[in-house]
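Report on the following structure.
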Amino acid sequence: MALNKSMHARNRYKDAPPDFAYLASKYPAFRQHVQTTLAGRVSLNFKDPEAVRALTCTLLREDFGLAIDIPLERLIPTVPLRLNYIHWVEDLVGPCGTEGPAVRRGIDIGTGASCIYPLLGATLNGWYFLATEVDDMCFNYAKKNVEQNNLSDLIKVVKVPQKTLLMDALKEESEIIYDFCMCNPPFFANQLEAQGVNSRNPRRPPPSSVNTGGITEIMAEGGELEFVKRIIHDSLQLKKRLRWYSCMLGKKCSLAPLKEELCIQGVPKVTHTEFCQGRTMRWALAWSFYDDVHVPSPPSKRRKLEKPRKPITFMVLASTIKELSSKALAMGWDVVEAIAVVTAWIEKILADLKVQHKSAPSAKGEASLFLTAIENSWIHLRRKKRERVRQLRELPRASEDILQAMEEERSSQKKLSLDSEKNKTESSEIESVTPDEDVSSTKTDRQSEDSPAKEENSEDLMEEDTETKEVEAVLVSEDSGNIEEESSTLEDVGKLTTEKGQTSQGTRQCQHMNIPEDKADKLLLASWGLPKAVLEKYHSLGVVHMFNWQAECLMLGQVLEGKNLVYSAPTSAGKTLVAELLILKRVLETHKKALFILPFVSVAKEKKYYLQALFQEVGVQVEGYMGSTTPAGRFSTLDVAVCTIERANGLINRLIEENQMDLLAPNTSNSLVLVHPSTSVPRCVS
Numbered sequence: 001m002a003l004n005k006s007m008h009a010r011n012r013y014k015d016a017p018p019d020f021a022y023l024a025s026k027y028p029a030f031r032q033h034v035q036t037t038l039a040g041r042v043s044l045n046f047k048d049p050e051a052v053r054a055l056t057c058t059l060l061r062e063d064f065g066l067a068i069d070i071p072l073e074r075l076i077p078t079v080p081l082r083l084n085y086i087h088w089v090e091d092l093v094g095p096c097g098t099e100g101p102a103v104r105r106g107i108d109i110g111t112g113a114s115c116i117y118p119l120l121g122a123t124l125n126g127w128y129f130l131a132t133e134v135d136d137m138c139f140n141y142a143k144k145n146v147e148q149n150n151l152s153d154l155i156k157v158v159k160v161p162q163k164t165l166l167m168d169a170l171k172e173e174s175e176i177i178y179d180f181c182m183c184n185p186p187f188f189a190n191q192l193e194a195q196g197v198n199s200r201n202p203r204r205p206p207p208s209s210v211n212t213g214g215i216t217e218i219m220a221e222g223g224e225l226e227f228v229k230r231i232i233h234d235s236l237q238l239k240k241r242l243r244w245y246s247c248m249l250g251k252k253c254s255l256a257p258l259k260e261e262l263c264i265q266g267v268p269k270v271t272h273t274e275f276c277q278g279r280t281m282r283w284a285l286a287w288s289f290y291d292d293v294h295v296p297s298p299p300s301k302r303r304k305l306e307k308p309r310k311p312i313t314f315m316v317l318a319s320t321i322k323e324l325s326s327k328a329l330a331m332g333w334d335v336v337e338a339i340a341v342v343t344a345w346i347e348k349i350l351a352d353l354k355v356q357h358k359s360a361p362s363a364k365g366e367a368s369l370f371l372t373a374i375e376n377s378w379i380h381l382r383r384k385k386r387e388r389v390r391q392l393r394e395l396p397r398a399s400e401d402i403l404q405a406m407e408e409e410r411s412s413q414k415k416l417s418l419d420s421e422k423n424k425t426e427s428s429e430i431e432s433v434t435p436d437e438d439v440s441s442t443k444t445d446r447q448s449e450d451s452p453a454k455e456e457n458s459e460d461l462m463e464e465d466t467e468t469k470e471v472e473a474v475l476v477s478e479d480s481g482n483i484e485e486e487s488s489t490l491e492d493v494g495k496l497t498t499e500k501g502q503t504s505q506g507t508r509q510c511q512h513m514n515i516p517e518d519k520a521d522k523l524l525l526a527s528w529g530l531p532k533a534v535l536e537k538y539h540s541l542g543v544v545h546m547f548n549w550q551a552e553c554l555m556l557g558q559v560l561e562g563k564n565l566v567y568s569a570p571t572s573a574g575k576t577l578v579a580e581l582l583i584l585k586r587v588l589e590t591h592k593k594a595l596f597i598l599p600f601v602s603v604a605k606e607k608k609y610y611l612q613a614l615f616q617e618v619g620v621q622v623e624g625y626m627g628s629t630t631p632a633g634r635f636s637t638l639d640v641a642v643c644t645i646e647r648a649n650g651l652i653n654r655l656i657e658e659n660q661m662d663l664l665a666p667n668t669s670n671s672l673v674l675v676h677p678s679t680s681v682p683r684c685v686s
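Structure (structure tokens):
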């Protein structure tokens, strides 16, 4: 059981709990109360008063040779708990011998129907007991139990008036010095407290055993606290008539005020202990007016007992070890054996978790590590991962000098390739650029092998090329309405310029994203013709390169021209970046509106703020439809609406009813598949 390891060292049940199966086979009266499971485990229902009584009577007969009768209407004691109290009193009074009295004398205040303390004390140690009782039924049963065990010469049971504790009981024996007194006081002050209505913590589980005690056994005026205080006041008058006064307590909260009371009264010797058994804990308090008594030390504070846990064991497959070995060799690690490889990777994981570790002595063929956790770095991993992705988009932040070096290298490569491609360029003349800018030219004969998927047919390809030329030929400013020529640059292909070559700040710009001609450049975000402000924003977040699968999604068929795209990726894998690029392209090109659909309000709010910061420099207005939130200017004033599923459904239904679905460009949905049957309303679904 949970507390058995903390039983008194001499308690016979500490290391050898009762064997219910054996007792059931030996005692028919006990057998009828046990249940045997299909697995052969024998158990007892401790909420059944008859079963608890049968267990107590059986244990007393089997282990101590005592035969007793207990009425179901009175308190049924548990043997291990009472035995703990007896052994503690043994520690208080010491053994009988030449230095001490030949016979120990004790008083049991409220002995109960079982008279269990005197019976155990007399049987184990030959102690003489004066047992007092106020209840008629308990008195009769106690007297009968003493007589049928032939212990009348050691145990005297006396009937005393109500509220009698020590003073009246010792009037007739004024010359006798007793070694100790014992008491199991009524724990509760009223019926509500006995039921745990006012005193029991609601988080605690209900008691695992039944309480059959009578009114005088479980309740007293003021509860156990006032009851024990009355014993203390009697002891102040009796003083050295008893060497030790002791009481058992049912509530730990009673211990401190009682010790304080003894201190106030100037009692010289005070000690306490704990009785642990099964799932029950009790406390005991003892005090003495003698200076030469031995005072047992109180129990030291114990750590909370934990169930023994099995070691965490998992098998590393040979294929996994082979893969780890190859990776380790590629990283320059000098490891060969399987254990060394696995240990090296575990150390890498521990380093990522900021857990300090050092090698510990181990046997041959083993590896041991001593770990020290400086900070808790392993909780809320999903939240931390989302935060990291939001800031870094899963890519390391590149320093400004690295970015500049990459741009200069790519610019020089483009200039070299431009000289060899002059004869293949379009008839339209390309404006000259400054040295730190790049040139982006669109070829009409873009080869299909640059895309991981083939075009649907040649007609679609021709339409795509035609659209590309048309979009490149004109540049539209929403505010001014002027059509201007532009100079194509690395950072901002299709950026609006005035006749003087200056950018119109705060205007929305027609944007054309091209598939990079050089396959090596397709993973570089700057190769996709993003507006300079958006590109710089991505760079500030550390997004410099794309994953290969992201580039392949954008290069599929005519996705960039508005065809539907359905793709699936794990959480935080980077699928949002593809959606952002497609939304930006279609909104800037078509001047239509886009929906970004997300499942939860909190996620939608986060995405709204993120897109607002990302697109604000290019004049794209982002607002949200989530919960009860609706943009102030309604749908007509925005370019991108970040919506929850329910709000998006209502918004689309209204547009269908008003025959305004042509206002929409792409709709992006996270974790859903919503593909419109009409290709006239392109969707980007992830």
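Note that UniProt numbering has the sequence shown beginning at 1, numbered continuously upward.
Note that the Cβ used here is the ideal one computed from N, Cα and C, for glycine as well.
Bear in mind the structure is a predicted one, so any value in this text is a computation, not a measurement.
Query                                                                                                                                                                               : Result
Leaving out five residues before and five after residue 23 in sequence, what residues of the same chain have Cβ atoms less than 6 Å from its Cβ?                                    : 30, 58
Do the segment 551 to 568 and the segment 629 to 636 touch if we need at least three Cβ pairs shorter than 8 Å?                                                                     : no
Restricting to Cα atoms, I'd like to know which of 619, 351, 570 is closest to residue 591.                                                                                         : 619
For residue 53, which residues of its own chain have a beta-carbon under 6 Å away from its beta-carbon, when the five flanking residues on both sides are left out?                 : 70, 76
Can you check which of these residues, 182, 155, 104, is closest to residue 235 by C-alpha distance?                                                                                : 182
Using 7 Å as the threshold, is the C-beta distance between residue 533 and residue 595 below it?                                                                                    : no
Leaving aside the five residues before and after residue 10 along the sequence, list all residues of the same chain whose C-beta is less than 7 Å from its C-beta, in chain order.  : 87
Pick out the complete beta strand (DSSP E) segments inside the segment 578 to 614, 3 residues or longer, and give them in chain order.                                              : 593 to 598
Would you report the Cα separation of residue 36 and residue 44, rounded to the nearest angstrom?                                                                                   : 9 Å
Please specify which runs of the alpha helix (DSSP H), each continuous and at least 4 residues long, are wholly inside the segment 276 to 345, giving them in chain order.          : 318 to 330
Leaving aside the five residues before and after residue 341 along the sequence, list all residues of the same chain whose C-beta is less than 7 Å from its C-beta, in chain order. : 321, 324, 325, 328, 335
Judging by CA-CA distance, which residue of 14, 157, 641 is the nearest neighbour of residue 107?                                                                                   : 157
How many whole angstroms separate the CB atoms of residue 642 and residue 604, which I take to be in contact at a CB cut-off of 8 Å?                                                : 5 Å
Report back the beta-carbon spacing between residue 370 and residue 81 to the nearest angstrom; my notes put them in contact at under 8 Å.                                          : Incorrect: roughly 42 Å between the Cβ atoms, too far for contact.
Could you please give me the residues that DSSP links to residue 369 through a beta bridge?                                                                                         : 359
Here's a check: name, in chain order, each residue in its chain whose Cβ is nearer than 6 Å to the Cβ of residue 154, leaving out the five neighbours to either side.               : 122, 128
Express the C-alpha separation of residue 349 and residue 317 in angstroms, rounding to a whole number.                                                                             : 18 Å
Within the continuous alpha helix (DSSP H) that includes residue 23, where are the two ends?                                                                                        : 20 to 26
Start and end of the beta strand (DSSP E) containing residue 133?                                                                                                                   : 128 to 133
Determine whether the Cβ of residue 43 lies closer than 7 Å to any Cβ atom of chain D.                                                                                              : Chain labels in this structure do not include chain D; a single protein chain is all it has.
Taking just the CA atoms, how far does residue 279 sit from residue 576?                                                                                                            : 54 Å
I'd like to check one pair, residue 111 with residue 142: are the Cβ atoms closer than 7 Å?                                                                                         : yes
Quick check: what's the CA-CA separation for residue 338 versus residue 627?                                                                                                        : 54 Å
Between the Cα of residue 151 and the Cα atoms of 116, 228, 380, 160, which residue gives the shortest distance?                                                                    : 116
Which two residues bound the contiguous beta strand (DSSP E) that contains residue 248?                                                                                             : 242 to 249
Rounded to whole angstroms, what is the Cα-Cα separation between residue 354 and residue 377?                                                                                       : 7 Å
Is residue 589 buried or exposed, if buried means 16 or more other CB atoms sit within 10 Å of its CB?                                                                              : buried
How big is the Cα-Cα spacing for residue 285 and residue 363?                                                                                                                       : 51 Å
Buried or exposed for residue 264, going by 16 or more other Cβ atoms inside 10 Å?                                                                                                  : exposed
Report the CB separation of residue 224 from residue 186 in whole angstroms; it is logged as a contact under 8 Å.                                                                   : 6 Å
Are there 16 or more other CB atoms within 10 angstroms of the CB of residue 8, so buried, or fewer, so exposed?                                                                    : buried
Rounded to whole angstroms, what's the CA-CA distance from residue 139 to residue 133? Just pull it up for me.                                                                      : 6 Å
Measure from the alpha carbon of residue 227 to the alpha carbon of each residue in 258, 239, 578, then state which is nearest.                                                     : 258
So residue 261 and residue 232 are supposed to be a Cβ contact under 8 Å. How far apart are they, rounded?                                                                          : 6 Å
Residue range of the alpha helix (DSSP H) that residue 177 falls in?                                                                                                                : That residue, residue 177, is in no alpha helix (DSSP H); it is neither H nor E in DSSP.
Per DSSP, which residues does residue 274 bridge with? Please list them.                                                                                                            : 283
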